[in-house]
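Using my numbering, read the sequence shown as starting at 64 and increasing by one per residue.
Even for Gly, the Cβ is constructed at its ideal location relative to N, Cα and C.
The model shown is predicted, which means the values in this text are computed figures rather than measured ones.
These notes concern the structure reproduced below.
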Amino acid sequence: MPSLPEHGANPKLLYRRLGMEEPEEVLDFSENVNPLGIPESVRKAWPGLIRLLPHYPEPDGEPFRSDAARFHGVPSEMVMVGNGAAELFSVIADRYRGKRALLIHPTFSEYKATLLAKGALCVDLTVDPSDAALPVGRIKQAMEDADVIYLCNPNNPTGERIPEEKMLELAGHGRGCGCELVIDEAFMDFAGEAHSFVPHLAEHPHVAVMRSMTKMYAIPGIRLGYMVASPQRIKEHRKAAPHWNVNGIAAQIGSLCLQEAEFRERSVLYSRTVREELTAFLVAAGCTVTNSETNYVSFRPPADPAGLYESLLRQGIVLRHSENFLGMDGQWFRVGMKEEWKMDRLKEALARWFEETSPS
Ligand SMILES: Cc1ncc(COP(=O)(O)O)c(C=O)c1O
Numbered sequence: 064m065p066s067l068p069e070h071g072a073n074p075k076l077l078y079r080r081l082g083m084e085e086p087e088e089v090l091d092f093s094e095n096v097n098p099l100g101i102p103e104s105v106r107k108a109w110p111g112l113i114r115l116l117p118h119y120p121e122p123d124g125e126p127f128r129s130d131a132a133r134f135h136g137v138p139s140e141m142v143m144v145g146n147g148a149a150e151l152f153s154v155i156a157d158r159y160r161g162k163r164a165l166l167i168h169p170t171f172s173e174y175k176a177t178l179l180a181k182g183a184l185c186v187d188l189t190v191d192p193s194d195a196a197l198p199v200g201r202i203k204q205a206m207e208d209a210d211v212i213y214l215c216n217p218n219n220p221t222g223e224r225i226p227e228e229k230m231l232e233l234a235g236h237g238r239g240c241g242c243e244l245v246i247d248e249a250f251m252d253f254a255g256e257a258h259s260f261v262p263h264l265a266e267h268p269h270v271a272v273m274r275s276m277t278k279m280y281a282i283p284g285i286r287l288g289y290m291v292a293s294p295q296r297i298k299e300h301r302k303a304a305p306h307w308n309v310n311g312i313a314a315q316i317g318s319l320c321l322q323e324a325e326f327r328e329r330s331v332l333y334s335r336t337v338r339e340e341l342t343a344f345l346v347a348a349g350c351t352v353t354n355s356e357t358n359y360v361s362f363r364p365p366a367d368p369a370g371l372y373e374s375l376l377r378q379g380i381v382l383r384h385s386e387n388f389l390g391m392d393g394q395w396f397r398v399g400m401k402e403e404w405k406m407d408r409l410k411e412a413l414a415r416w417f418e419e420t421s422p423s
């Protein structure tokens, strides 16, 4: 297969790389932001935000920084705001220049990309995505030779969450053997805030938690994320980011989003309902499906993944391929949850494929 785009959410590029004509209507399931779209308060505030354009933004990303700190019940000295979590991954990777970083695959590709760009040495540990139990023993052993471990919780692309007791076990082990932890909670809003590692940071200053506003609030275009870590580390990382790294509009929108408790609840409920429906459908068709707690799920079809992918693309249905997810190697697909009519269209197309290709 020709080289496919590294990330989802870019169907135009995908069709071009594959030399396929893009159908008139494309349903993009490769992208995994909240299917409910942006909160109403953001839509209402939008026209008024133009007043911020002639002014430099506040350099620390206020008022968002303080509001994010309040949201988690930590002092604002423990929060650094970034131009998306992506910027903060680049900033934090600098700490590991010339050091060994342990990555647990399949996982988000930007950890490795940012670490390699800053001259870190990446050690890859691959876990079978069809096995929901994390091999904590193997991971702890590998941590002994690493300076940092990156953990995506819940994981992208599986959507699976590492239970709190395992996170605490890994954090405790890291403290003992000198291995720091970077925990990416970009999708934690969907699994439930009660599972966040943030309340444990005071006892674990060797841990940094990364958060993104992109996913829950469907605002990838504005770029907003933050890091929560010890005040000492935040001070160090702050120096590595450009001045005014977060625009003033994003800082206002972020504050509005954090007030949206009812929106969050509705989003979690909707995502769970459609995810459970799709999972039941896929399992009945003989697929292996990850035990996701997020607004996406990954599955491995019983046969011919490449044929399935291409057939759906021809019908204008784009799944997230897994060619660049170690341990999935093109055999799996990630599906973002969407509006009900789109989910129905996807299930209809899949049902046709499974029927046509089932050995009778
Ligand atoms: C697991 C994970 N972490 C972080 C990010 C980056 O988020 P942001 O849009 O805040 O840069 C993504 C984006 O796809 C992601 O999937």
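_Checking 8 Å against the spacing of the C-beta atoms, do M206 and G235 come in under that value?_
Here residue 206 refers to the residue found at position 143 when the sequence shown is read from its first residue. Here residue 235 refers to the residue found at position 172 when the sequence shown is read from its first residue. Not closer than 8 Å, so no.
Who are the Cβ neighbours of Q315 in its own chain at under 8 Å, not counting the five residues just before and after it?
The residue labelled residue 315 in the question sits at position 252 within the sequence shown. Only A108, L112, L115, P126 and F127 meet the Cβ criterion.
Coarse secondary structure for R160, derived from DSSP in three states | Here the question's residue 160 lines up with position 97 in the sequence shown. Note: R160 maps to coil in three-state DSSP.
- Span separating the alpha-carbon of P68 from that of T277: Position 5 of the sequence shown, counted from the start, is the residue given in the question as residue 68. Position 214 of the sequence shown, counted from the start, is the residue given in the question as residue 277. Approximately 20 Å, taken between the alpha carbons.
Shortest alpha-carbon distance to E173 belongs to which of E150, K75, T189 and L409? Residue 173 sits at position 110 when you count from the first residue of the sequence shown. Comparing Cα-Cα distances from E173 to each of E150, K75, T189 and L409, the minimum goes to E150.
Would you list the residues whose beta-carbon is nearer than 6 Å to any heavy atom of ligand 1, in the order they occur in the chain?
-> Per the Cβ criterion, the list is G147, A148, A149, F171, C215, N219, D247, A249, S275, T277, P283 and G288.
Neighbourhood of S104 by C-beta distance below 6 Å, restricted to the same chain and skipping five residues each side: Position 41 of the sequence shown, counted from the start, is the residue given in the question as residue 104. Taking C-beta separations shorter than 6 Å and ignoring five residues to either side along the sequence, the partners of S104 in its chain run L319, following chain order.
*Count the other C-beta atoms from every protein chain shown that fall within 10 angstroms of the C-beta of H384, then say buried if there are 16 or more, exposed otherwise.*
Sequence index remark: in the sequence shown, residue 384 carries index 321 (1-based). Of the residues assessed, H384 falls on the buried side of the cut-off, its CB having 16 or more other CB atoms within 10 angstroms.
Check whether the segment 155-173 and the segment 212-225 are in contact - that is, three or more C-beta pairs closer than 8 Å.
Between the segment 155-173 and the segment 212-225 there are three or more C-beta pairs closer than 8 Å, enough to call the two in contact.
*Taking Cβ positions, are P364 and L375 nearer each other than 8 Å?*
What you label residue 364 is simply residue 301 of the sequence shown in a count that begins at 1. What you label residue 375 is simply residue 312 of the sequence shown in a count that begins at 1. Against a cut-off of 8 Å, the Cβ pair of L375 and P364 comes out as no contact.
Next item on the list: Look at the Cβ atom of A209, then the Cβ atom of A164, and state whether they are nearer than 8 Å.
Entry: Here residue 209 is taken as the residue at index 146 of the sequence shown, counted from 1. Here residue 164 is taken as the residue at index 101 of the sequence shown, counted from 1. Their beta carbons are under 8 Å apart, which means A209 touches A164 by this criterion.
Notebook entry, point to check: In the structure shown, what three-state DSSP assignment does G284 receive?
Noted result: Numbered from 1 along the sequence shown, position 221 holds the residue referred to as residue 284. Coil at G284, not helix or strand.
- Query: Secondary structure at G390, three-state DSSP: helix, strand or coil?
  - Reply: Numbered from its first residue, the sequence shown carries residue 390 at position 327. Three-state DSSP puts G390 in coil, outside helix and strand.
Would you mind sorting S421 into buried or exposed? The rule is 16 or more other CB atoms within 10 Å of its CB.
-> Taking the first residue of the sequence shown as position 1, residue 421 is located at position 358. S421 counts as exposed, since fewer than 16 other beta carbons sit within 10 angstroms of its beta carbon.
- Task: Give a yes or no on contact between the segment 129-143 and the segment 292-306, applying the rule of three or more CB pairs nearer than 8 Å.
- Result: Yes: the two stretches touch, three or more of their Cβ pairs being nearer than 8 Å.
- Query: Which value, in whole angstroms, describes the spacing of the CA atoms of R274 and V291?
  - Reply: The sequence position of residue 274 within the sequence shown is 211, counting from 1. The sequence position of residue 291 within the sequence shown is 228, counting from 1. Distance between the alpha carbons of R274 and V291: 8 Å.
>> Using only CA atoms, which one of D194, T336 and A366 lies nearest to Y359?
In response: Along the sequence shown, read from residue 1 onward, the residue named residue 359 stands at position 296. The residue among D194, T336 and A366 with its C-alpha nearest the C-alpha of Y359 is T336.
Within 10 angstroms of the Cβ of N354, are there 16 or more other Cβ atoms? Answer buried if so, exposed if not.
The residue given as residue 354 occupies position 291 in the sequence shown. Using a 10 angstroms sphere on the CB of N354, the tally of other CB atoms stays under 16, which defines it as exposed.
Review point. According to DSSP, what are the bridge partners of V272?
Key: The residue given as residue 272 occupies position 209 in the sequence shown. Bridge pairing for V272: I246 and V291 [DSSP].
Neighbourhood of S129 by C-beta distance below 7 Å, restricted to the same chain and skipping five residues each side:
Working through the sequence shown from its first residue, we reach residue 129 at position 66. So the list reads S139, once near-sequence residues are dropped.
How would you label A271, buried or exposed, when you count the other beta carbons within 10 angstroms and need 16 or more for buried?
In the sequence shown, counting from the first residue as 1, residue 271 sits at position 208. Around the CB of A271, 16 or more other CB atoms lie within 10 Å, so the residue is classed as buried.
T342 versus V381: straight-line alpha-carbon distance, rounded: Indexing the sequence shown from 1 puts residue 342 at position 279. Indexing the sequence shown from 1 puts residue 381 at position 318. The C-alpha of V381 is placed about 18 Å away from the C-alpha of T342.
Could you tell me how far apart the beta carbons of L413 and A348 are, in whole angstroms, since I believe they sit closer than 8 Å?
-> Stepping through the sequence shown from its first residue, residue 413 is reached at position 350. Stepping through the sequence shown from its first residue, residue 348 is reached at position 285. Contact holds; Cβ gap of about 7 Å.
Unbroken alpha helix (DSSP H) run spanning T353, endpoints
Numbered from 1 along the sequence shown, position 290 holds the residue referred to as residue 353. In the DSSP assignment, T353 falls outside any alpha helix (DSSP H), carrying neither H nor E.
Query raised in the report: Do D187 and L332 have their C-beta atoms closer together than 8 Å?
Result: Along the sequence shown, read from residue 1 onward, the residue named residue 187 stands at position 124. Along the sequence shown, read from residue 1 onward, the residue named residue 332 stands at position 269. No, these two residues do not count as a Cβ contact at 8 Å.
- Inspect the CB distances between the segment 90-101 and the segment 394-401 and report whether three or more fall short of 8 Å. By the Cβ rule, the segment 90-101 counts as touching the segment 394-401, because three or more pairs are nearer than 8 Å.
**Asked** Does the beta-carbon of G284 have 16 or more other beta-carbons within 10 angstroms, so that it is buried, or is it exposed?
**Response** Against the sequence shown, residue 284 aligns to sequence position 221. Taking every protein chain shown into account, the CB of G284 has fewer than 16 other CB atoms within 10 angstroms, so this residue is exposed.
Original post:
Looking only at C-alpha atoms, which of R338, A313, P268 and E418 sits nearest to P120?
Top reply: Taking the first residue of the sequence shown as 1, we reach residue 120 at position 57. P120 has its Cα closest to that of A313, out of R338, A313, P268 and E418.
On a Cα-Cα basis, can you pick out the residue from H135, R80 and L214 that is closest to P262? Within the sequence shown, numbered from 1, the residue matching residue 262 stands at position 199. From the listed residues H135, R80 and L214, the smallest Cα separation to P262 is found for H135.
Which residues in the same chain as F326 place their Cβ atom closer than 7 Å to its Cβ, once the five residues preceding and following it in sequence are excluded? Reading the sequence shown from its first residue, position 263 is the one you call residue 326. Same-chain partners within the cutoff: P102.
| From G161 to M251, what distance separates their C-alpha atoms? | The residue labelled residue 161 in the question sits at position 98 within the sequence shown. The residue labelled residue 251 in the question sits at position 188 within the sequence shown. Cα to Cα, the separation comes out at about 30 Å.
| Burial state of C240, where buried means 16 or more other Cβ atoms lie within 10 Å | The count along the sequence shown starts at 1 and reaches residue 240 at position 177. Exposed is the call here.
* Throw me the rounded Cβ distance for the E248 and N216 pair, which I believe falls under 8 Å. => Residue mapping note: residue 248 aligns to position 185 of the sequence shown, counting from 1. Residue mapping note: residue 216 aligns to position 153 of the sequence shown, counting from 1. About 6 Å separates the two Cβ atoms, so the contact holds.
Just to confirm, are L231 and L244 a CB contact at a threshold of 8 Å? Sequence index remark: in the sequence shown, residue 231 carries index 168 (1-based). Sequence index remark: in the sequence shown, residue 244 carries index 181 (1-based). Between L231 and L244, the C-beta spacing is not below 8 Å.
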